[in-house]
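Trainee: My questions will all concern the structure given below.
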Amino acid sequence: MTQQLIGRRTALAGIVGTAAIGTRTAWAADPIKIGFSIPQTGGLAAIGLQALLTLQIWSEDVNARGGILGRPVQLVTYDDQSNPANVPRIYTKLLEVDKVDLIVTNGTNLTVPAMPIAMQRGMVVFCMLSLAVNDKFKYPRFFQTMPYGPHGKASISEGFFDVAMGMSPKPATVALVGADAEFSKNAVDGARDQARKRGLKIVYDRTYPPSTVDFGPVIRGIASANPDIVYIGSYPVDTSGMVRAARELGFRPKLFGGGMVGTQAATLKGDLGEMLNDVVSYELYCPAVADKFPDVEPLLKKYQPRAKEKGIDPQGYYVPPFAYATMEVLQQAVTAAGGLDQDKIAKAAHATTFKTIVGDIKFGADGEWDHPRMLWVQFRGLKGQGMDQFVNPSAEVVLDPPEYRTGELRYPMGVAKQ
Amino acid sequence: MVDPLAVLNAVVAGVLLGGFYAAVALGIAIAFGMLDIPNLAHPAFVVVGAFATWLLNSHFGIDPVLAGFLMAPLFFLLGLALYRLYHICFERRGEASLQGLAFFFGVLFITEVGLVLSAGADYRSVSAPYIGASLSFAGMVLPGRMLVPFVVSIAMIGLLHRFLARSFTGRAILAVSQDQTALRLMGVSPIRIKTLAFGLANATASIAGALLIIVEPVEPSIGRDFIGRAFAVVVLGGMGSFYGMLLASLILGITESLVSDMWNPSWAPAIAFGFLLPTLAFRSGGLLGRKL
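Chains as they are written, first to last, in the UniProt record's numbering: chain A, 1 to 418; chain B, 1 to 292.
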């Protein structure tokens, strides 16, 4: 392929900048094209743009180190506008027109519509930020890098219930609530199974529309059922609405939290500030475990100044480490396979223990981590508002898993101002 | 046994929510209800108002409500320009229906992308003493985050209604919504009046945006959540009727709140929107609108 052709396709396909573009005359080989659809506008853009920036940083890093198998990498991406309906045609175009060599997917709602296209063509799916997608497809070439582990839907609630059952006396009742959307419904389904498994009586089990504006009535409904613990599966805006409503109405059960997306985002955390005190939610990475994963810090040093310019999560504890790890898995799988043969890559991905910045990753038969490693944290000692306080490792105490624990659960839920 | 205080709390929460919905729908009540302009982009301008409020609040510490009012003149000018463009490209050629709809869809997407490019895709919020605080009264809890938008919204609707009823320009706006030819015969340019009215509708987006960011954090595409609600309350209330729109907003808010609190939140929008069908079946002009 000539340099001119690469350039033309770059322009046409909206290929994002990589180090390869700046230094392509130095390369003897054609680039390895990695294609993906990513939300750059719409409701999921806050997460999508973080992933995109991280993948750009990774491509710069890997090209600076000599590429993969001596070939530069080139990212080819399109904005899916956070709309799952756009995803199938994007992946069709990536594979049929752009002729990408490898594909990456992200997000539960946006990965599901990409799966039939990938499966039809036998493509390996390197996936991030998705929950229990392969439970339905059972596709042997699917590899998801979030540390949910092999328990599918339960993984986003298992640690929460482990922590809850450590209370004395043990809780007897639970309220389950979540948004009417793929991720949160999966999370609440898993939580329901966990509650039943542990003999908890479910006194409230409802969903709410994602466009809900005022969560006061939802919290009032939960409070009237008087549960010991409340498990919430929510997206960022509803997470904020739920926490605010609970604080405004003075609702303080023994344990309040769950699979709450948004409690990982610096701006939302900073906005909620002390209202988050004693709330229990999940993290993938946080300053409390920074010493266990020292390679994350150099990535964040590259990410943070660029994120600030782009108006996306300025701390980047949630998406960047695992997005970067996804690409490290891809790189090592291709290297182990010695080429771009999808069958060989899939076999290598199943056989290899990958060394990544978030630790070793080994995939099980379902393409998820072979063991769960979600961090369940409790927010502590927050004052007023402001995101800077979350840089402090003590702002989020890790409760589970035991090997990462930095403190014990504090209960019942206290007042916001502590 | 249903606790009467719980019902009262749900109704009060619904009234506050409805008041906020009315603020968002006000611009559509003018543009769509009075001028027959299907401005689907209005909720996107509300979000622009929210981002402008965030900018003034986070950089200069200006109270969000005040920030909304400060930015309103700019939004008014933007509205004037947008209407002129719409008029020249579509209305004047008699292509205002489907093409106009597509035009405002385009404006909606361009506005969203513009916000992402200029302010980023992250969630933005504001701080003010009444956000996070609550007022307790006779067993009821009124969150400041909902109470302030309600009060501002009612005041804004009242002021606009007074302007339309008492001033010459206001009456001309009411007239243009009823009979443009008659207005022209009286020596008033309907286009000039429509331009002013559209500017006014857009100015309300600035204040509604300030109220939105008080109620919840915003990101560039959050306006889409309000398109259905805002148009529904305008139609339900009756085209051209401010008080009908307010009544419809309150019905929507109270229904959502009662259903969420007493029964199942996931049914709230379905039941609230369910009011639309029988109302339109029995009162084709909406609750307080002119009979069609």
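Ideal Cβ placement from N, Cα and C applies to all residues, glycine included.
1) Can you check the stretch 353-384 of chain A for any beta strand (DSSP E) of at least 3 residues that lies completely inside it and give the ranges in chain order?
2) Give, in chain order, every unbroken run of the alpha helix (DSSP H) that is at least 4 residues long and sits entirely within the stretch 70-96 of chain A.
3) May I ask you to report which of helix, strand or coil DSSP gives Asn63 of chain A?
4) What number of angstroms, rounded off, separates the C-alpha of Met167 of chain A from the C-alpha of Lys201 of chain A?
5) When Cβ atoms are compared, which residues of the stretch 294-311 of chain A fall closer than 8 Å to chain B?
6) Which one of A:Met275, A:Leu399, A:Pro314, A:Ser234 has the shortest CA to CA distance from Val289 of chain A?
7) Could you tell me which chain B residues have their CB closer than 7 Å to the CB of Ser130 of chain A, listed as they occur along the chain?
8) Buried or exposed: Pro402 of chain A, going by 16 or more other Cβ atoms within 10 Å of its Cβ?
9) Express the C-alpha separation of Gly286 of chain B and Phe273 of chain B in angstroms, rounding to a whole number.
10) Quick one: list the residues of chain B neighbouring Ser240 of chain A, beta-carbon separation under 7 Å, in chain order.
11) Alpha carbon to alpha carbon, what distance is there between Glu368 of chain A and Ala154 of chain A?
12) With DSSP collapsed to three states, give me the class of Val141 of chain B.
13) Any beta carbon of chain A sitting closer than 8 Å to that of Pro64 of chain B?
14) What three-state label does DSSP hand Met275 of chain A in the structure shown?
15) For the candidate residues A:Thr356, A:Asn83, A:Lys170, whose alpha-carbon lies nearest to that of Pro113 of chain A?
16) With 8 Å set as the bound, which would you pick, yes or no: does the beta-carbon of Gln40 of chain A sit closer than that to a beta-carbon of chain B?
17) Using a C-beta cutoff of 8 Å, does Gly18 of chain B count as contacting chain A?
18) Sorted by chain position, which residues of the same chain lie with C-beta nearer than 7 Å to Gly163 of chain B's C-beta, five sequence neighbours on each side aside?
19) With a cut-off of 8 Å, does the C-beta of Gln418 of chain A fall near any C-beta of chain B?
20) Since Gln385 of chain A meets chain E, which of its residues come closer than 8 Å, beta carbon to beta carbon?
21) Could you list which residues in chain B have their beta carbon closer than 9 Å to that of Asp388 of chain A, in chain order?
22) List, in order along the chain, the chain A residues whose C-beta lies closer than 7 Å to that of Tyr123 of chain B?
23) List, in chain order, every chain A residue whose beta-carbon is nearer than 9 Å to that of Asn264 of chain B.
24) Taking contact to mean 3 or more Cβ pairs, one atom from each stretch, closer than 8 Å, check whether the stretch 89-96 of chain A and the stretch 168-181 of chain A are in contact.
25) Tell me where the alpha helix (DSSP H) around Phe222 of chain B begins and ends.
26) Could you pull the DSSP bridge partners for Phe143 of chain A from this structure?
27) Using C-beta distances below 8 Å, list every residue in its chain close to Val15 of chain B, excluding the 5 sequence neighbours before and after it, in chain order.
28) The stretch 7-38 of chain B: which residues have C-beta closer than 9 Å to a C-beta of chain A, in chain order?
29) Grouping DSSP H, G and I as helix and E and B as strand, with all else coil, what is Leu135 of chain B?
30) May I have a chain-ordered list of the beta strand (DSSP E) segments no shorter than 3 residues that lie completely inside the stretch 171-212 of chain A?
31) Is Thr263 of chain A helix, strand or coil when you go by DSSP?
32) Excluding the 5 residues preceding and the 5 following Asp189 of chain A in the sequence, name in chain order all residues of the same chain whose CB lies nearer than 7 Å to its CB.
33) Identify which residue in A:Ala223, A:Ala265, A:Gly364 has its Cα closest to the Cα of Ala245 of chain A.
34) Considering Thr181 of chain B, what are the terminal residues of the alpha helix (DSSP H) in which it resides?
35) Taking 8 Å as the threshold, find out whether the stretch 380-387 of chain A comes into contact with the stretch 266-281 of chain A through three or more Cβ pairs.
Mentor: So, to answer that:
1) Contiguous beta strand (DSSP E) elements confined to the stretch 353-384 of chain A occur at 353-356, 359-362, 375-379, taking only those with 3 or more residues.
2) You should have 87-96.
3) Look at Asn63 of chain A here: in three-state DSSP terms it is helix.
4) Spanning the two alpha carbons is a distance of roughly 16 Å.
5) Cβ contacts with chain B: Lys310, Gly311.
6) From the listed residues A:Met275, A:Leu399, A:Pro314, A:Ser234, the smallest Cα separation to Val289 of chain A is found for A:Leu399.
7) Listed along the chain, the chain B residues whose CB falls inside 7 Å of the CB of Ser130 of chain A amount to none; the nearest CB is some 19 Å away.
8) Of the residues assessed, Pro402 of chain A falls on the exposed side of the cut-off, its CB having fewer than 16 other CB atoms within 10 angstroms.
9) Cα-Cα distance, rounded: 13 Å.
10) Those are Glu216, Pro217, listed as they occur along chain B.
11) The straight-line gap from Cα to Cα measures roughly 13 Å.
12) Here Val141 of chain B sits in strand by DSSP.
13) When Cβ-Cβ separations below 8 Å define contact, Pro64 of chain B makes no contact with chain A.
14) Met275 of chain A falls in the helix class under three-state DSSP.
15) The alpha carbon of Pro113 of chain A has as its nearest neighbour, out of A:Thr356, A:Asn83, A:Lys170, the alpha carbon of A:Asn83.
16) By this cut-off, Gln40 of chain A is an interface position.
17) Not an interface residue.
18) Reading the sequence as shown, one finds Phe at residue 163 of chain B and not Gly. Non-local C-beta neighbours of Phe163 of chain B in its own chain, meaning closer than 7 Å and more than five positions away in sequence, comprise Gly170, ordered along the chain.
19) So, not an interface residue.
20) This model lacks chain E altogether; the protein chains it does include are A and B.
21) Identification of chain B residues near Asp388 of chain A by a Cβ-Cβ cut-off of 9 Å yields none; the smallest Cβ-Cβ distance measures about 14 Å.
22) Within 7 Å Cβ-Cβ: Ala46, Pro236, Ala265, Thr267, Leu268.
23) Within chain A, the residues near Asn264 of chain B are Arg206, Thr207, Tyr208, Gly221.
24) Judged by pairs of C-beta atoms under 8 Å, the stretch 89-96 of chain A does not touch the stretch 168-181 of chain A, as fewer than three such pairs exist.
25) Just to set this straight, residue 222 of chain B is Ile in the shown sequence, not Phe. Boundaries for Ile222 of chain B: no alpha helix (DSSP H) harbours it, and the DSSP string shows neither H nor E there.
26) Answer by DSSP bridge pairing, in chain order: A:Phe126.
27) Only residues of its own chain outside the window of five on either side were considered, and among them Phe150, Leu250, Gly253, Ile254 have a CB closer than 8 Å to the CB of Val15 of chain B, listed in chain order.
28) So the close ones are Asn9, Ala10, Ala13, Gly14, Leu16, Leu17, Phe20, Tyr21.
29) Of the three classes helix, strand and coil, the one that applies to Leu135 of chain B here is strand, per DSSP.
30) Restricted to the stretch 171-212 of chain A, the beta strand (DSSP E) segments that are unbroken, complete and at least 3 residues in length are 173-179, 201-208, listed in chain order.
31) Residue state, collapsed to three classes: coil.
32) Only Lys153 meet the Cβ criterion.
33) Per the Cα distances, A:Ala223.
34) Segment 180-185, the alpha helix (DSSP H) holding Thr181 of chain B.
35) The stretch 380-387 of chain A makes contact with the stretch 266-281 of chain A; the number of CB pairs closer than 8 Å reaches 3 or more.
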